[in-house]
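A.B. asks:
2 protein chains.
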Amino acid sequence: MTLSDIEFPTPSEDADCRPVREILDRIADKWSLYIFVALKDGPVRFNALRRQIDGISQRMLTITLRQLERDGLISRTHFPTIPPRVDYELTEVGRSLLAPVMALVTWADSNRNVIEEARRQHDQTR
Amino acid sequence: MTLSDIEFPTPSEDADCRPVREILDRIADKWSLYIFVALKDGPVRFNALRRQIDGISQRMLTITLRQLERDGLISRTHFPTIPPRVDYELTEVGRSLLAPVMALVTWADSNRNVIEEARRQHDQTR
DNA sequence: CCGCATCCGTCTTGATACTG
DNA sequence: CAGTATCAAGACGGATGCGG
Chain A
229 MTLSDIEFPT PSEDADCRPV REILDRIADK WSLYIFVALK DGPVRFNALR RQIDGISQRM
289 LTITLRQLER DGLISRTHFP TIPPRVDYEL TEVGRSLLAP VMALVTWADS NRNVIEEARR
349 QHDQTR
Chain B
229 MTLSDIEFPT PSEDADCRPV REILDRIADK WSLYIFVALK DGPVRFNALR RQIDGISQRM
289 LTITLRQLER DGLISRTHFP TIPPRVDYEL TEVGRSLLAP VMALVTWADS NRNVIEEARR
349 QHDQTR
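Top line first, the protein sequences correspond to chains A and B.
All residue numbers in the first sequence are consecutive under the working numbering, ending with 354.
All residue numbers in the second sequence are consecutive under the working numbering, ending with 354.
1. Say whether chain A places a C-beta atom closer than 8 Å to the C-beta of D315 of chain B.
2. Whole angstroms are fine: how far does the CA of D351 of chain A sit from the CA of V314 of chain A?
3. Mapping DSSP to helix, strand and coil, what is I343 of chain B?
4. Could you tell me whether the Cβ atoms of A331 of chain B and P308 of chain A are closer together than 8 Å?
5. Could you give the distance in angstroms between the alpha-carbon of D269 of chain B and the alpha-carbon of R278 of chain B?
6. Less than 8 Å between the beta carbons of T292 of chain B and W335 of chain B, yes or no?
7. Determine the DSSP secondary structure at S324 of chain B, reduced to helix, strand or coil.
8. So is N339 of chain B buried or exposed if we call it buried at 16+ other beta carbons inside 10 Å?
9. Any idea what DSSP makes of E241 of chain B, helix, strand or coil?
10. Quick one: what's V314 of chain A bridged to in DSSP?
11. Quick one: what's R273 of chain A bridged to in DSSP?
12. Can you pull the chain A residues whose beta carbon is under 8 Å from the beta carbon of R298 of chain B, in chain order?
13. Could you give the distance in angstroms between the alpha-carbon of E297 of chain A and the alpha-carbon of E345 of chain A?
14. Does the Cβ of V265 of chain A lie closer than 7 Å to at least one heavy atom of the ligand ZN?
15. Reducing DSSP to helix, strand and coil, say where D337 of chain B ends up.
16. Less than 8 Å separating the beta-carbons of L261 of chain A and A256 of chain B?
17. How about A276 of chain B: is its C-beta nearer than 8 Å to some C-beta of chain A?
18. Does any residue of chain A bring its CB to less than 8 Å from the CB of P312 of chain B?
19. Secondary structure at A256 of chain A, three-state DSSP: helix, strand or coil?
20. Is there a Cβ of chain A sitting closer than 8 Å to that of V333 of chain B, yes or no?
21. Could you check the C-alpha separation between S303 of chain A and T319 of chain A for me, to the nearest Å?
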């Protein structure tokens, strides 16, 4: 199979135009992807997210959640209990993004051996 | 449809384990995604990539290409002509990643209006 | 306790100038 | 043309403090 045999559904316009770039930059930033994965099975509280996403700082979790909320991809529910509780959850739109995101995760999982081998070979040849 | 109705192919292990994280961090960094899109139709030269990917610096293009090459996702062909010429191209493995990546791009394209509306509404409510 | 804002040191990134 | 070197600007993580 050659490259030209592969056909992808072409986006309506040039995929590199401004708005699409903004959205992709949001999805593909350092932490958003992992927040999506962490929320895929339902609502999760702030500190539970913090524990689930290894290495994320409180600060970056807050910032990234705010951005995703602004984009309408996740919703924030605040319970004024003591101690306070805040649930984060994927919205309808957010869930529709889950399929492509999980496709990426699944790809990474099934190809990790191939990539690790490529790295070893590259580092050796160097 | 509720969230629990959605079933995804579960990766063989916990998706948050080390190697998968490393791979996802590479794919979902600021520039890799755009390099993939730019290479989807065949080999492209260094400066052509630079022009295609709006806003990328020469430095970051070099660094990102090197990383993707190390991971075996793209190949680098150097022609010792004057002026020199270097072609970058997706490898077999790299092409297999194209499907999930383009799914993400297509999603971003079809949902940009929804997201922009969500942002407007959020900024207004604030 | 939980969620969030702020300050500060570190590391990454970008702009610019230079080389084969 | 395709990089490399250098340095300044910005993003990020960790610690701390605060309000519920």
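Note that the Cβ used here is the ideal one computed from N, Cα and C, for glycine as well.
C.D. replies: On the basis of the coordinates in this document:
1. At least 8 Å separates the CB of D315 of chain B from every CB of chain A.
2. Cα-Cα distance, rounded: 46 Å.
3. The answer is helix: DSSP assigns I343 of chain B an H, G or I state.
4. In this structure, P308 of chain A does not lie closer than 8 Å to A331 of chain B by Cβ.
5. Pairing D269 of chain B with R278 of chain B, the inter-Cα distance amounts to about 16 Å.
6. Judged by beta-carbon spacing, W335 of chain B lies beyond the 8 Å limit of T292 of chain B, meaning their Cβ atoms are not closer than that value.
7. DSSP places S324 of chain B in helix when its eight states are reduced to three.
8. Around the CB of N339 of chain B, 16 or more other CB atoms lie within 10 Å, so the residue is classed as buried.
9. Low local confidence applies: a pLDDT of 46 at E241 of chain B is under 50, so the model's placement there is unreliable, and no value is given.
10. Looking at the DSSP assignment, V314 of chain A forms a beta bridge with A:H306.
11. DSSP output for R273 of chain A lists A:D315 as bridge partner(s).
12. Chain A residues near R298 of chain B: A346, R347, H350 and D351.
13. Each residue's alpha carbon lies about 39 Å from the other.
14. Of ligands this structure carries none, so the ligand ZN is not represented either.
15. Helix.
16. Yes, the pair counts as a contact, with Cβ atoms nearer than the cut-off.
17. Taking Cβ atoms only, chain A never reaches closer than 8 Å to A276 of chain B, which makes this a no.
18. So no, P312 of chain B is outside the interface.
19. Look at A256 of chain A here: in three-state DSSP terms it is coil, with no helix or strand label.
20. It does; some Cβ of chain A falls within 8 Å.
21. About 6 Å.
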